[in-house]
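Enquirer:
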Amino acid sequence: RKEVEQDPGPFNVPEGATVAFNCTYSNSASQSFFWYRQDCRKEPKLLMSVYSSGNEDGRFTAQLNRASQYISLLIRDSKLSDSATYLCVVNRPGTYKYIFGTGTRLKVLA
Amino acid sequence: EAGVTQFPSHSVIEKGQTVTLRCDPISGHDNLYWYRRVMGKEIKFLLHFVKESKQDESGMPNNRFLAERTGGTYSTLKVQPAELEDSGVYFCASSLGLAGEKVYFGPGTRLTVT
Numbered sequence: 002r003k004e005v006e007q008d009p010g011p012f013n014v015p016e017g018a019t020v021a022f023n024c025t026y027s028n029s030a031s032q033s034f035f036w037y038r039q040d041c042r043k044e045p046k047l048l049m050s051v052y053s054s055g056n057e058d059g060r061f062t063a064q065l066n067r068a069s070q071y072i073s074l075l076i077r078d079s080k081l082s083d084s085a086t087y088l089c090v091v092n093r094p095g096t097y098k099y100i101f102g103t104g105t106r107l108k109v110l111a
Numbered sequence: 349e350a351g352v353t354q355f356p357s358h359s360v361i362e363k364g365q366t367v368t369l370r371c372d373p374i375s376g377h378d379n380l381y382w383y384r385r386v387m388g389k390e391i392k393f394l395l396h397f398v399k400e401s402k403q404d405e406s407g408m409p410n411n412r413f414l415a416e417r418t419g420g421t422y423s424t425l426k427v428q429p430a431e432l433e434d435s436g437v438y439f440c441a442s443s444l445g446l447a448g449e450k451v452y453f454g455p456g457t458r459l460t461v462t
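Chains as they are written, first to last, in my numbering: chain A, 2 to 111; chain B, 349 to 462.
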């Protein structure tokens, strides 16, 4: 079983739609969680950290469910510019190592 | 503030040749990481420097890979001799000090071994 698992998609949604991605992680001791965004042939860029209490940044909401060991990312009012691959990243406990999911591809259609 | 920079952006070499990738982290970042994405796979950790010291090199594939960070500033990753399976995108990243804090990635070096 992979340490971090994501549905690779693609998710094709119309502009203005709400879309949600989930990611599961296997190490219950994990403490740090992130969503990164990666555009085609570019570097991953931090979208948001994920906190236990959940956090929101504009149209983006991230949540953590420790009991079920998953994190989620909700994007409201999708824009064409949201089209990208969204990477779920978990820090391996006791290390500085990031464990990446394979990414979920999102395509927002006009 | 300048981000993480990497050189070259692309490299095409033949099997058996040597390639050296360079990374300049964000100024003041003690932590420097190398990651790699092989086609169709997830991004995977290679190694971690704190200043000039290797903290964790558990992700290095084999002894054909050598990373250095002399003086604790920029880092190089040498592949010698390169094999076909080394093709992929090599990302460098850096962060300030604490585990779990924000890590900033460079644009990557796309390596193709033919």
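We treat Cβ as the ideally placed atom computed from N, Cα and C, and that holds for glycine. Treat the numbers as computed from the prediction; the structure is a model and nothing was measured.
Since D372(B) meets chain A, which of its residues come closer than 9 Å, beta carbon to beta carbon?
Expert: Going along chain A, no residue has its Cβ under 9 Å from D372(B), so there is no contact; the nearest lies around 14 Å.
Enquirer: Give a yes or no on whether the minimum CB-CB distance between D434(B) and chain A is below 9 Å.
Expert: no
Enquirer: Show which residues of chain E have a CB atom less than 9 Å away from the CB atom of F101(A).
Expert: The displayed structure is made up of protein chains A and B, and chain E is not among them.
Enquirer: Which chain B residues are close to P1(A), counting only those with a beta carbon under 8 Å from its beta carbon?
Expert: No answer is possible for residue 1(A): it lies beyond the span of chain A, which begins at 2 and ends at 111.
Enquirer: Just list the residues that DSSP pairs T462(B) with in beta bridges.
Expert: The partner list for T462(B) (beta bridge, DSSP) is empty, contrary to what the question assumes.
Enquirer: Determine the DSSP secondary structure at D372(B), reduced to helix, strand or coil.
Expert: strand
Enquirer: So which residues on chain A does K456(B) lean against when the C-beta distance must stay under 7 Å?
Expert: The question names Lys, but residue 456(B) in the sequence shown is Gly. What G456(B) touches in chain A: E44.
Enquirer: Nearest chain A C-beta to H396(B) closer than 9 Å, yes or no?
Expert: yes
Enquirer: Closest Cβ-Cβ distance between T96(A) and chain B: below 9 Å?
Expert: yes
Enquirer: Please report how far the alpha carbon of N13(A) lies from the alpha carbon of L110(A), in whole angstroms.
Expert: 7 Å
Enquirer: Going straight from the alpha carbon of P94(A) to that of L88(A), what length do you get?
Expert: 19 Å
Enquirer: Using the C-alpha atoms, what's the distance from I72(A) back to F101(A)?
Expert: 13 Å
Enquirer: Of all Cβ atoms in chain A, is any one closer than 9 Å to the Cβ of E405(B)?
Expert: No, E405(B) lies away from the interface with chain A (no Cβ there is under 9 Å from its Cβ).
Enquirer: Under 7 Å between beta-carbons, which chain A residues line up against K450(B)? List them in chain order, please.
Expert: L47
Enquirer: Taking the alpha carbon of C24(A) as the reference point, which residue from L81(A), L65(A) and G55(A) has its own alpha carbon closest?
Expert: L65(A)
Enquirer: Taking only runs of the beta strand (DSSP E) that begin and end inside the segment 421-459 of chain B, which ones reach a length of at least 3 residues, in chain order?
Expert: 423-427 and 436-443
Enquirer: By how many angstroms is the C-alpha of C41(A) removed from the C-alpha of A85(A)?
Expert: 7 Å
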